[in-house]
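In the order they appear, the protein sequences are chains A and B. With this note's numbering applied, the first sequence closes on residue 322, and no number is skipped along the way. With this note's numbering applied, the second sequence closes on residue 1448, and no number is skipped along the way.
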Amino acid sequence: MGTTTADVGLQRLTFTRKPDGLLTRLFDYKPFLVFLCMLPTIGLLLVFLTYPLGLGLWLSLTDATIGQPGEYIGLDNFLYLMEDPIFWMAVGNTIFYTTVATVGKFALGLWLALLLNHHIPFKAFIRAIVLLPWIVPTVLSAIAWWWIYSPQFSIISFVIVDVLHLRDTYINFLGTPWPARWSLIVANIWRGIPFVAITLLAGLQTISPSLYEAALLDGASGWQKFRRITVPLLMPILAVALTLSVLFTFSDFQLVYAITRGGPFNTTHLMATLAFQRAIPGSQLGEGAAIAVSMIPFLIAATLLCFFGVGRRKWQQGEAND
Amino acid sequence: MAMTRRDSLTLGAAALGAASIPIIGAHAAFDDVPTADVKAPEYKIEQGASLHVIRPAKFIDPDEVYWKENTKKFSDKTGVDVKVDFVSWEDLRPQLAVVANTGAGADIVVSFGGDPHIYTEKLVDMTDLADYLGAKYGGWYDLALLYGRKWETKNWIALPMGGGTGPVLYRKSWVNEAGYNEIPNDLDKFLDLCQKLHKNGHPFGMSLGHALGDANGYSEWLLWSHNAFVVDEKGKLALDSKETIAALKYATELQKTMIPGTLTWNDVGNNQAYQSGAIGMTFNGVSLYYTMLKSPDPKVNAMAADTFSQDTPFGESKRKPMTAAPISAMLFKHSKYPNAAKEYIRFMMEKDQYGLWLSNCLGYWCQPLKAYSQMKFWDSDPKLKPFKSALDSPFYEGYKGPIGAASAAVIANYTVVDMFASVVSGANTPEAAAKQAARAAERYYRRA
């Protein structure tokens, strides 16, 4: 069998090569080939990313409501939002929520990752458990938190009041603006820790133990090892995790909508929940779209800040890491 | 209409005298519903017709059980396959929006309040069916006329099927303990009652959180019992008024008597608190009473026995300042089988089906057709009285203005609820809150 193939191959080689046709030359032309191979991707991006985004932008410039297509009204929606105290409160809430929750998630997530990086019994099992808050559908965990924060049936209040007798009245977690905001942040941190911890753990495991051994020989303290070896080598993955985490937190919707629905009196609305509230239940599609569009500059700024501020490394510019 | 209300009442009295049927859980013909002899419109069912229906999810089991049973009866009789989706309340409006905007999907959507008024252009006219049912069943209640017909016309855009209302539900023994025999209609006395209930540890509780049904119902009561309203007859903003300020101040006083945490309650908040004995009085639909009545726990049954009901305090209003949230069936123009769909709605509204559904739900969705108020189950339990006439009210969402997208948006965005919430929590002054809310509401009305 082998010989037959070889023979055919030899025969073919003896043919004189005809000049290439137009089509062949076209397909041999590299820029064209690159373009052709990218077409499916471009199509997907156009249909599933550009079109919705463009539609959102267009809607934000109209007075569309659910049921009516609406007319072009220029920047009217945005001008109205500029004067809308609820919108500005939502912007403030979103920034505060994102900042505090992200700091919390990274502090606790890094700590957890460092703990998990040690050799402990049932390592695989514990690592799996840690992922639970991340795996459970957000709406389910949100309902659990909603019970935890219930003014009448809270487990925390029950323990403090009925078991430990530290207080006389149940805690009103969500009834006033600031406690409500903090409660939501705690729930968000709880949900976000596993993502950070597992991502950073993966990063920690790529750090070669020989570096720590060398440091040990040099007499470095624990803090020095952490500061001089762990942190710099963790930076690239930290930057990616931070960017993703900030994006998730900034556009968080489910936790807030399921626990407070933006209440009490709109003081816990994030931009995403306010956009949904105005657009769908409130049926003001144009205004909702305008709020959603207003998130874009913030998101871009946050992404750039995380990516270049925290983890400016050569590999991000396409060069090899050192 | 060929039939006057008086005629049907006479008929009703005759029917009442003639029949005696078992009350709840009956599958017999519903002879206690007086009907006039009106010829049913003939809808020629299309060949191979099938229907897709979306309606709100149940709060009590029989709502779904008997709806399905009636639907099956229809399918057996006509051969039309009907698929019914029971959709949670929050998801219903987004789904309705998708059906309406894409012109595909469900043939019939049963949805809340002013929804038909947002999609008027996309709906099949129901005037023939509504006129027939009205003539046969003693006419429609005010709220059914308001919500079912296009504003200021006689054209029916949807068919009202029922409506839930939220009167006062209270623990009789605790209200007696506070020195009252019933719920006072006078606002000062009502406040006094609440203060005493609070002192005795059985406070009043009502949501001012983002609870679509409860919080809006409670704020509407606060407005209307003080003679305040969001807009006037022409849809011009009237919220920033001295009556509203008075309502806001009153609400602040009431809030001090309430159990903590009501600003965070969603629609089940008061149900849970009432059933756990944490509050002694609230405003709610019959579902709360029903659940306690049918509970397997005798302790809860005893609470149901101690639970009484009454219209919300009148205050300065001449009629009961409470509305009902009607559900209406909308038939979309994109339906391929409009005749089958109309025949289905007609079938569901006829007494053999509607009577079964209504009575087994203890009037959870109160009837929009007057004849059904004659059904015996209504008088079998005095606690059902405020529900019996749920749709007999001049008040509606966006009272006194037109029903439409603007009134729906004010409700859906909690504009009035948040006005009250920000004042009772001390975050805002009554004057500033009323101005802000009026400004927010005006935006919706300006566009409508």
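Glycine residues also receive a C-beta, built at the ideal position from the N, C-alpha and C atoms.
Top-ranked residue by Cα proximity to residue i, from the options
i: leucine 1239(B); options: Asp1032(B), Ala1324(B), Val1410(B) and Met1375(B); result: Val1410(B)
i: glycine 1277(B); options: Asp1306(B), Lys1388(B), Lys1294(B) and Pro1116(B); result: Asp1306(B)
i: isoleucine 1060(B); options: Asp1297(B), Met1292(B) and Gly1105(B); result: Met1292(B)
i: tyrosine 149(A); options: Gly175(A), Arg127(A), Ile126(A) and Ile135(A); result: Gly175(A)
i: alanine 187(A); options: Lys123(A), Thr98(A), Ser221(A) and Leu26(A); result: Thr98(A)
i: leucine 1247(B); options: Ala1304(B), Leu1358(B) and Ser1225(B); result: The amino acid at residue 1247(B) is misidentified as leucine; the sequence shows alanine. Nearest C-alpha to alanine 1247(B): Ser1225(B).
i: tyrosine 1289(B); options: Ala1251(B), Asp1297(B), Gln1275(B) and Pro1034(B); result: Gln1275(B)
i: tyrosine 1445(B); options: Thr1252(B), Lys1073(B), Ala1421(B) and Ala1408(B); result: Ala1408(B)
i: aspartate 1188(B); options: Leu1222(B), Ile1279(B) and His1202(B); result: Leu1222(B)
i: lysine 1044(B); options: Thr1078(B), Gln1095(B) and Ala1104(B); result: Thr1078(B)
i: asparagine 1216(B); options: Trp1265(B), Val1033(B) and Gly1426(B); result: Trp1265(B)
i: serine 251(A); options: Asn93(A), Glu83(A) and Ala239(A); result: Asn93(A)
i: threonine 1323(B); options: Trp1140(B), Gly1398(B) and Gly1139(B); result: Gly1398(B)
i: alanine 1405(B); options: Glu1090(B), Gly1166(B) and Gly1113(B); result: Gly1113(B)
i: methionine 1375(B); options: Gln1047(B), Ser1359(B) and Pro1382(B); result: Ser1359(B)
Amino acids of chain A, ordered along the chain, whose beta-carbon sits closer than 8 Å to that of residue i
i: aspartate 1118(B); result: The sequence given here places isoleucine at residue 1118(B); aspartate does not occur at that position. By Cβ distance, chain A contributes Thr65, Ile66, Gly67 and Ser283.
i: valine 1425(B); result: Here residue 1425(B) is serine; the residue named in the question, valine, does not match the sequence. The answer, in chain order, is Gly175, Thr176, Pro264 and Phe265.
i: serine 1276(B); result: Gln152 and Phe153
Spatial distance of residue i from residue j (CA atoms)
i: lysine 1333(B); j: valine 1098(B); result: 14 Å
i: phenylalanine 1347(B); j: methionine 1419(B); result: 43 Å
i: isoleucine 1021(B); j: phenylalanine 1377(B); result: Only weak support exists for where isoleucine 1021(B) lies, its pLDDT of 36 falling under 50; the value from the coordinates is given anyway. The alpha-carbon atoms of isoleucine 1021(B) and phenylalanine 1377(B) are separated by roughly 10 Å.
i: tryptophan 1067(B); j: threonine 1120(B); result: 26 Å
i: arginine 167(A); j: leucine 1191(B); result: 28 Å
i: proline 177(A); j: glycine 54(A); result: 35 Å
i: valine 1084(B); j: aspartate 63(A); result: 34 Å
i: glycine 109(A); j: isoleucine 189(A); result: 9 Å
i: lysine 1388(B); j: phenylalanine 78(A); result: 47 Å
i: serine 154(A); j: alanine 144(A); result: 10 Å
i: glycine 1025(B); j: cysteine 1361(B); result: Only weak support is given to the placement of glycine 1025(B): the predicted model assigns it a pLDDT of 46, under 50, and the value that follows is read from those uncertain coordinates. If you take the alpha carbons of glycine 1025(B) and cysteine 1361(B), they lie about 9 Å apart.
i: isoleucine 1023(B); j: threonine 1071(B); result: Any answer about isoleucine 1023(B) is weak, because its pLDDT of 42 lies below 50 and its placement is not dependable; what the coordinates show is given next. Those two C-alpha atoms are separated by around 22 Å.
i: asparagine 1176(B); j: leucine 244(A); result: 60 Å
i: threonine 1429(B); j: valine 161(A); result: 33 Å
i: arginine 227(A); j: alanine 220(A); result: 10 Å
i: asparagine 1271(B); j: methionine 235(A); result: 51 Å
i: leucine 1092(B); j: valine 1110(B); result: 9 Å
i: tyrosine 1396(B); j: phenylalanine 307(A); result: 54 Å
i: glutamate 1069(B); j: serine 1317(B); result: 41 Å
i: aspartate 955(B); j: alanine 1251(B); result: Because chain B in this structure spans residues 1001 to 1448, residue 955(B) falls outside the shown range and cannot be described.
i: alanine 1036(B); j: glutamate 1042(B); result: 17 Å
Within chain B, the residues that residue i reaches when beta carbons sit closer than 7 Å
i: proline 151(A); result: Pro1260, Gly1261 and Thr1264
i: leucine 174(A); result: Thr1264
Partners in chain D for residue i, counting only beta-carbon separations shorter than 8 Å
i: tyrosine 170(A); result: As a matter of chain content, chain D is missing from the structure shown, whose protein chains are A and B.
8 Å contact criterion, which residue i and residue j should meet: CB distance rounded
i: leucine 1146(B); j: isoleucine 1345(B); result: Not really, about 19 Å apart at Cβ, beyond 8 Å.
i: alanine 113(A); j: leucine 200(A); result: 4 Å
i: glutamine 116(A); j: valine 130(A); result: Per the sequence shown, residue 116(A) should be read as leucine rather than glutamine. Indeed they touch by this definition, with Cβ atoms about 7 Å apart.
i: valine 1286(B); j: tyrosine 1364(B); result: 5 Å
i: leucine 270(A); j: valine 256(A); result: 5 Å
i: glutamine 284(A); j: threonine 65(A); result: 6 Å
i: methionine 1330(B); j: isoleucine 1183(B); result: About 36 Å; that fails the 8 Å criterion.
i: threonine 268(A); j: leucine 184(A); result: 6 Å
i: lysine 1400(B); j: aspartate 1232(B); result: 6 Å
i: phenylalanine 1308(B); j: tyrosine 1170(B); result: 6 Å
i: glycine 1162(B); j: proline 1326(B); result: 7 Å
i: proline 264(A); j: alanine 180(A); result: 6 Å
Within chain A, partners of residue i - CB distance below 7 Å
i: glycine 1209(B); result: Gly263 and Pro264
i: aspartate 1418(B); result: Phe265 and Asn266
Partners in chain B for residue i, counting only beta-carbon separations shorter than 9 Å
i: arginine 181(A); result: Near arginine 181(A) there are no residues of chain B at all, since even the closest Cβ is about 13 Å away, more than 9 Å.
i: glutamine 329(A); result: In the structure as shown, chain A starts at 1 and stops at 322, and residue 329(A) therefore has no counterpart that could be examined.
Closer than 8 Å at the beta carbon, the chain B residues around residue i
i: isoleucine 280(A); result: Arg1093, Pro1094 and Ala1097
i: threonine 249(A); result: Residues of chain B passing the Cβ test: none, with the nearest at roughly 22 Å.
i: threonine 273(A); result: Residues of chain B passing the Cβ test: none, with the nearest at roughly 10 Å.
i: threonine 62(A); result: Those do not exist, as threonine 62(A) stays about 11 Å from chain B at its closest Cβ, beyond 8 Å.
Interface partners of residue i on chain A, CB under 9 Å
i: glutamine 1272(B); result: Ser150, Gln152 and Phe153
* Could you pull out every unbroken alpha helix (DSSP H) segment of at least 4 residues lying fully inside the stretch 1272-1305 of chain B, listed in chain order? => 1286-1293
* **Runs of alpha helix (DSSP H) wholly within the stretch 58-93 of chain A (minimum 4 residues, chain order)** => 76-82
* To do: Please go through the stretch 1327-1362 of chain B and give each complete alpha helix (DSSP H) segment of 4 or more residues, from N-terminal end onward.
  => 1338-1349 and 1351-1360
* Asked: If you scan the stretch 273-311 of chain A from start to end, which runs of the beta strand (DSSP E) of 3 or more residues do you find wholly inside it?
  -> none
* To do: Please list the segments of the beta strand (DSSP E) lying wholly inside the stretch 90-129 of chain A, counting only runs of 3 or more residues, in order along the chain.
  => none
* To do: Report the residue ranges of all beta strand (DSSP E) runs contained in full by the stretch 1147-1195 of chain B; include only those spanning at least 3 residues, in chain order.
  => 1159-1165 and 1168-1171
* Ranges of the alpha helix (DSSP H) found wholly within the stretch 136-197 of chain A, counting only runs of at least 4 -> 138-148
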